[in-house]
Amino acid sequence: MTRGIHGMSSIAQQGILLPQESVLEVSKMRQDLFIGIPKEITFQEHRIPLVPSAVGLLVSNGHRVLIETGAGKSANFTDSDYSESGAQIAYSAEDVYKADLILKVAPPSLAELEYFKDKQTLMSILQIGMQAEGYVQKLSNKKITALAYEYLKDETSVYPVIQAMSEIVGSAAILIASELMSSASGGKGQLLGGVPGVPPTEVVIIGAGTVSEYAARAAFGLGANVKNF
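Right under this line is the structure:
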């Protein structure tokens with residue numbers, strides 16, 4: 203029995219001396235993004251997908267951002283604002299559409315779809331139900347992965363992009379209405395909240411969604427008398 207124990211001990215010692223496996227950290231493959239932002243050509247579309255600070259955040263994390271010259275002009279951002287944040291400025295739409303990921307606000311037009319190359323990714327409002335016949339087929343023919351802002355949902359089943367846009371629309375609607383009521387804009391010269399001795403303006407809101415909620419908040423904040431239906 204003792205001899206057996208010594209034999210096992212000898213085998214164990216030999217095992218210790220044998221080369222052992224070592225676990226090494228396996229680095230994850232990192233894929234940097236090549237993002238293109240073309241200028242919006244839709245009538246009265248002044249928005250832009252990324253502000254300069256967001257571009258700076260992406261660039262600082264190793265991603266490449268290519269933006270068409272003048273793309274931020276309607277939103278009061280200059281090419282210099284973007285170049286200082288690390289973006290590259292493109293001087294033609296064709297150059298921008300060479301990127302792997304295209305960011306837009308308004309849905310790309312049929313003419314813009316011609317710029318796309320095969321197997322790109324598009325993030326934009328799409329409004330599929332309002333598009334011309336063959337629009338989706340064009341995306342499909344080029345194998346475009348299209349992510350529509352209006353269908354992006356978080357873990358609480360809220361549509362965050364649409365929620366944010368609705369909040370902005372509701373608040374802005376009241377501010378614009380207040381401005382239009384002033385005599386300087388050809389209105390009746392009424393203050394939305396009124397002044398001491400003068401009853402406040404009455405605001406009627408139809409609907410009870412996010413837009414209506416934030417319109418009511420803005421109107422209440424200005425001191426208006428709000429009625430909601």
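Taking the numbering used here, the leading residue of the sequence shown gets 203, the next gets one more, and so forth. Cβ atoms here follow ideal geometry from the backbone N, Cα and C, with glycine treated the same way. All figures in this text were calculated on a predicted structure; none of them were measured in a lab.
Taken in chain order, the complete beta strand (DSSP E) segments of 3 or more residues contained in the segment 242-306 are 266-270, 290-292 and 303-305. With respect to residue 324, residue 235 sits apart: the two C-beta atoms are not nearer than 8 Å. With respect to residue 350, residue 341 sits apart: the two C-beta atoms are not nearer than 8 Å. Nearest neighbour of residue 322 by Cα position, chosen from 254, 301, 263 and 316, turns out to be 301. Taking C-beta atoms under 8 Å as the contact rule, residue 287 and residue 306 fail to qualify, at a distance of about 19 Å. For residue 368, the enclosing alpha helix (DSSP H) has its first and last residue at 362-382. If you draw a straight line from the Cα of residue 404 to the Cα of residue 299, it comes to about 49 Å. Within the DSSP bridge table, the entry for residue 423 names no partner. By alpha-carbon distance to residue 267, the top candidate from 365, 280, 328 and 252 is 252. The segment 350-368 makes contact with the segment 403-419: 3 or more CB pairs, one atom from each, lie closer than 8 Å.
Between the alpha carbons of residue 381 and residue 374 lies a distance of about 11 Å. Here residue 324 carries a strand assignment [DSSP, helix/strand/coil].
In this structure residue 314 is buried. Its beta-carbon is surrounded by 16 or more other beta-carbon atoms within 10 angstroms. In this model, residue 277 and residue 240 are separated by some 14 Å (Cα to Cα). Assignment of beta-bridge partners to residue 346 by DSSP yields no partner.
Here the alpha carbon of residue 417 sits roughly 6 Å from the alpha carbon of residue 376. A direct Cα-to-Cα measurement between residue 421 and residue 406 gives close to 10 Å. Per the coordinates, the alpha-carbon of residue 271 lies some 6 Å from the alpha-carbon of residue 281.
Counting along the chain, no alpha helix (DSSP H) covers residue 352, and no H or E run does either.
In the three-state DSSP reduction, residue 330 falls in the helix class (H, G or I). Taken through DSSP and simplified to helix, strand or coil, residue 405 comes out as strand. Excluding the 5 residues flanking it on each side, residue 264 has same chain C-beta neighbours closer than 6 Å at 234, in chain order. Inter-residue distance for residue 425 and residue 401 is about 10 Å (C-alpha atoms, whole angstroms).
The beta carbon of residue 338 sits closer than 8 Å to the beta carbons of 330 from its chain, once the five residues preceding and following it are set aside; these are given in chain order.
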